[in-house]
Amino acid sequence: MGTPETKGPRAKVDVSHWVDEHADILFRYALQRVRRRDIAEELVQETFVAALRAHHKFDARSSERTWLVGILRHKIVDHIRRTTQERSRRGNDTDETTGDPFFEANGHWKTSPADWGSDPVAILSQRDFWKVFEKCFAALPQGLADTFVLRELEEMEPSDVCTTLEISDSNLWVRLHRARLLLKDCLEKNWFNKASNG
Amino acid sequence: MSILSNIRMILSLSCNESSRLLSDGLDRQLSLTERIALRGHLFACRRCRRFRNILQHLRATTQHLTTPTVADENVLPPLSPEARARLTEALTRAQSEGS
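Pasting the structure below:
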């Protein structure tokens, strides 16, 4: 891959090469998870600076990319933990909605789930699908998005998600259920039920 | 849960409850009662079978996002030129401070 070898603890890092090689990937990784460009930029910058300072500890057993992503992931989780605490201190930590938009009082579906087809992977190569997905993901309320990110994108154990967000496990199940229903609803309206798409 | 409430669950799981168990099943182990109740409901309910399929789709989608990728379908923007310049500057500064 052409990344510069470190020859010793004080070997100078080729900073612009690092940026060329990794910055966009790290940025997109962060942006996917924190959903705001300014925050993603800040986290990426903090990651690179921290990595630079710790570079003498990088033992090259993993790739540089993996190592950088590892640092970034910690910063993303810290960011989510911190902003969650701030929101709950300010008292706007509610993702409440009145009534259930998806089920009748008797527990039946309000609208029938669509048939999404038998090949989940086939649509994943379509750019248009991802545009719709990103739009749907951006529409999730913050608390639900954070929960979904930690569990589904960061693949944290449920108990660790609960600790990070300071929620009970029953609240976790409720949030994930809700996030999945919201994504389903949005994707059905904007992708699966549109005549022009398969 | 009491035997009576177990039986009640098995016999009369609603779609709302079923969708909840399907979702929960992605993240925790369902109890025997829950599994029996869910299986019975799914046997009779095409809507919830579709939802089970939908959850698998959603999982496949998010799994695609778990690792950083340069895939062609990535629709997220790259770092802006201004942010890139700020980043390079910050790193150069940090590097000269460190040496």
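So the sequences go chain by chain: A and B. Numbering follows numbering that gives the first Met the number 0, with no gaps: position 116 of the first sequence is 115. Numbering follows numbering that gives the first Met the number 0, with no gaps: position 56 of the second sequence is 55. Every residue, glycine too, gets a C-beta built ideally from N, C-alpha and C.
Asked: Per-residue DSSP class, three states only, for Trp108/A; Found: strand
Asked: Proximity test, Cβ basis, 9 Å: Thr32/B and chain A; Found: no
Asked: Where the alpha helix (DSSP H) through Trp190/A begins and ends; Found: Per DSSP, Trp190/A belongs to no alpha helix (DSSP H) and is neither H nor E.
Asked: Within 9 Å, strictly: CB atoms of Ser22/B and His176/A; Found: yes
Asked: Distance CB(Pro77/B)-CB(Arg27/A) smaller than 9 Å; Found: yes
Asked: Where the segment 27 to 41 of chain A meets chain B: residues whose CB sits under 8 Å from a CB there; Found: Arg27, Tyr28, Leu30, Gln31, Arg36 and Glu40
Asked: Beta-carbon contacts of Pro8/A that lie in its chain and below 7 Å, excluding the five residues immediately before and after; Found: Any reading at Pro8/A is ruled out, since the residue's pLDDT is 49, under 50, leaving its predicted position unreliable.
Asked: Buried or exposed (CB count within 10 angstroms, at least 16 for buried), Arg179/A; Found: buried
Asked: Bridge partners - Phe101/A, DSSP secondary structure assignment; Found: Answer by DSSP bridge pairing: none, since Phe101/A is not bridged.
Asked: Reference Gly24/B; option with closest CA among Ala84/B, Phe50/B and Thr68/B; Found: Phe50/B
Asked: Residue burial classification, Val120/A (beta-carbon count within 10 angstroms, cutoff 16); Found: exposed
Asked: 9 Å Cβ cutoff, Phe42/B in contact with chain A; Found: no
Asked: Pair within 9 Å by beta-carbon distance, Leu40/B and Cys47/B; Found: Note that residue 40/B corresponds to His in the displayed sequence, not to Leu. Yes; because the gap between Cβ atoms is below 9 Å, this pair is in contact.
Asked: Run of the alpha helix (DSSP H) containing Glu41/A, from where it starts to where it stops; Found: Arg36 to Arg52
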